[in-house]
């Protein structure tokens, strides 16, 4: 009986992914019927997200581990099979993506009416919004070089088209160019990293790399290139300049996905490469570099955020800061793992992932609230947003809760995960004296 239940719940994720595909088709076909398009696309997307979330939560709860080999029918069967990896880490990321996608989809129902007179924009939204969500979920499950790169680029292209939705504005076109430049850099670095991994190991499946005979130099080369690629996608300093441009340019429910979950997939990629695929060769030097990037992003992001008057740019810079906090946990985990302090490594990765999901929740909520404000006053200037409490009481309450989270006020989720991250780092400083020396010298 348990096996049947597990199989049925496991099938929910595939039903959800099929739902996203259905939403894409309907999103194009119904573009000339705006009201029907709006409800059909977003309700189907929301229901699909619920199905994926239930399945991912179940996989996470039971620690489900499975590798699924997908062989396409002839003539595509001449190509190598693709590998889908289901484990607690991939299930966790699928859960984060689907949760944010759920309430972004619900919010969009009342937000996209401004596009009713533009069937072309509705078609782009209908095609790319569900595709963007599905590609992010599938990236988390990708177990080989081919599927990861293809899905990563689908995620990039769909997000690029969503950022450019209002391309009649110069600001949006400029943001799209900058975003695509950094996305291309990210793709080149990742492709180079994975190509070297294939050359060094003769395998294109990530799981096979763990048992390959790599030298420390080869493993470090793979890691550094992957770190560059993922950092560019996450908006880590110094690869951050696309983020405060692209996030404000996109529709607010898309901004919630960009800032809430897309940049987190880059964090997932760093964790997967450093502490899973290349774990046997993990080096404390890797951890120190990640810690440095995290510290720079944390300080720079908050310093730039406090001088912003554009509400969406302010939130974008806060994303850079919080990505830095996540990197501090990941960097500590890598350094501790390399030193053989596995308990501290677990604490570091828990801190990083804990802040990852917390930031995904409160940051996406803040972007959705900013969208509600923008929809009401048609400006992103904070100085012109006074006196809206009477008109938008529910939005004000939601914005207050999310703001208390992002400012790490005690009893709210941001405080819990930041406290965990910083205390883990302090514990690491006392437990790993070499880490203190490297980190201090780099700073």
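In the numbering used here, the protein residues as written are 28 to 470.
Glycine included, C-beta positions come from ideal geometry on N, C-alpha and C.
- In this structure, residue 287 places its C-beta atom within 9 Å of the C-beta atom of residue 394.
- Residue 315 and residue 78 have their C-alpha atoms roughly 39 Å apart.
- With 16 or more other CB atoms across the displayed protein chains lying within 10 angstroms of its CB, residue 86 is buried.
- Shown here, residue 111 sits in a strand according to DSSP, grouped into three states.
- Nearest in C-alpha terms to residue 124, of all of 407, 285, 339, 444, is 285.
- If you check the CB distance, residue 217 and residue 252 come in under 9 Å.
- Residue environment: residue 198 is assigned as exposed (fewer than 16 neighbouring CB atoms within 10 Å of its CB, all protein chains considered).
- Here residue 172 really is in contact with residue 225; their C-beta atoms are around 6 Å apart, less than 8 Å.
- According to DSSP, residue pairing for residue 337 in a beta bridge involves 408.
- With a 10 Å radius around the Cβ and a threshold of 16 neighbouring Cβ atoms, residue 405 comes out exposed.
- The DSSP-derived three-state label of residue 180 is helix.
- Within the region 262-286, the complete alpha helix (DSSP H) segments of 4 residues or longer fall at 270-276, 279-284, listed in chain order.
- For the region 335-421, there is no continuous beta strand (DSSP E) assignment of 3+ residues that stays within its boundaries.
- Here the alpha carbon of residue 193 sits roughly 45 Å from the alpha carbon of residue 237.
- DSSP, read as helix, strand or coil, puts residue 58 in coil.
- Residue 248 and residue 309 have their C-alpha atoms spaced approximately 12 Å apart.
- Setting aside the 5 residues that flank it on each side, residue 68 is surrounded in the same chain by 50, 53, 54, 57, 152, 153, 156, 157, each with a C-beta closer than 8 Å to its C-beta; the list follows chain order.
- Leaving aside the five residues that flank residue 320 on each side, the residues in its chain whose CB is nearer than 6 Å to its CB run, in chain order, 263, 354.
- Residue burial is scored here from C-beta neighbours: residue 72 has at least 16 other C-beta atoms within 10 angstroms and is therefore classed as buried.
- Rounded to whole angstroms, the Cβ separation of residue 48 and residue 189 is 17 Å, and the two are not in contact under 8 Å.
- A Cβ-Cβ contact shorter than 9 Å links residue 282 with residue 342.
- For the pair residue 391 and residue 127, the CB atoms are nearer than the 9 Å cut-off.
- Closest in C-alpha terms to residue 259, from the list 214, 274, 275, comes 214.
- In this model, residue 324 and residue 183 are separated by some 22 Å (Cα to Cα).
- For residue 141, same chain residues with a beta-carbon under 7 Å away, outside a window of 5 residues either side, do not exist.
- For residue 215, no beta strand (DSSP E) encloses it; the enclosing alpha helix (DSSP H) starts and ends at 197-228.
- Within the DSSP secondary-structure output, residue 93 pairs in a beta bridge with 113.
- Distance from residue 245 to residue 221 at the Cβ level is roughly 13 Å; contact not present, criterion being Cβ atoms closer than 8 Å.
- For residue 79, the secondary structure class from DSSP, reduced to helix, strand or coil, is helix.
- If the five residues before and after residue 272 are omitted, its C-beta is found closer than 6 Å to the C-beta atoms of 202, 205, all from its own chain and listed in chain order.
- Non-local beta-carbon contacts of residue 66 in its own chain, meaning distances under 7 Å to residues more than five positions away in sequence, involve 136 in chain order.
- In the DSSP assignment, residue 171 is bridged to 232.
- By the beta-carbon neighbour count (other beta carbons within 10 angstroms, threshold 16), residue 160 is buried.
- For the pair residue 356 and residue 376, the CB atoms are nearer than the 9 Å cut-off.
- In the structure shown, residue 455 falls within a helical segment according to DSSP collapsed to helix, strand and coil.
- It is roughly 24 Å from the alpha-carbon of residue 304 to the alpha-carbon of residue 84.
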